[in-house]
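Working notes, beginning with the structure itself.
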Amino acid sequence: MSPLPRAIVWTVLTILAAGGSTRALTLDECIGIALEKSPDLQASFERVRMAEAEATRTRSIYYPMVSAMGRYERTDNPPNAFFMNLNQRTASTTGRP
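And the structure:
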């Protein structure tokens, strides 16, 4: 049985189990309810969304990546200050950049 007739049967059985309705539903209303409440269709939509997310993730490989890092330190310890200048490649005879 294909998903659409299964969904329609499921919807009709749900309505009958709930005690029925005081008015008859049209075929379009039954199909609309079936499409809205069908677990098979909802699972299919979720699979499509997962595939779209995977495609977006795959395309992101081609985008440039930017990263930045910063650090600020202050010290009055001379050896520590010298090595901080050395790490910045600004060590000089005066000790200033």
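Start counting the sequence shown at -11; every next residue gets the next number (the numbering used here).
Where is the CB? At the ideal position from N, CA and C, for every residue including glycine.
Because the structure is a prediction, the values reported are computed rather than measured.
Within 10 Å of its beta-carbon, does residue i have 16 or more other beta-carbons around it, so buried, or fewer, so exposed?
| i | result |
| --- | --- |
| residue -5 | buried |
| residue 129 | Since the displayed the chain opens at -11 and closes at 85, residue 129 lies outside it and no answer follows. |
In chain order, what residues of the same chain lie with their CB nearer than 8 Å to the CB of residue i, ignoring the 5 residues before and after it?
| i | result |
| --- | --- |
| residue 2 | 25 |
| residue 63 | 69, 72 |
| residue 13 | 3, 21 |
Tell me the rounded alpha-carbon separation between residue i and residue j.
| i | j | result |
| --- | --- | --- |
| residue 75 | residue 60 | 13 Å |
| residue 30 | residue 42 | 18 Å |
| residue 47 | residue 40 | 11 Å |
| residue 110 | residue -7 | Since the first and last residues shown for the chain are -11 and 85, residue 110 lies out of range. |
| residue 50 | residue 37 | 21 Å |
| residue 55 | residue 28 | 43 Å |
| residue 58 | residue 32 | 46 Å |
Between residue i and the rest of its own chain, which residues show a CB-CB distance below 7 Å, the 5 nearest in sequence each way excluded?
| i | result |
| --- | --- |
| residue 16 | none |
| residue 18 | -4, -1, 0 |
Any idea what DSSP makes of residue i, helix, strand or coil?
| i | result |
| --- | --- |
| residue 11 | coil |
| residue 67 | helix |
| residue 56 | coil |
| residue 34 | helix |
| residue 47 | helix |
| residue 40 | helix |
| residue -6 | helix |
| residue 61 | coil |
If I measure Cβ to Cβ from residue i and keep anything under 6 Å in the same chain, skipping five residues before and after, which residues do I get?
| i | result |
| --- | --- |
| residue 45 | none |
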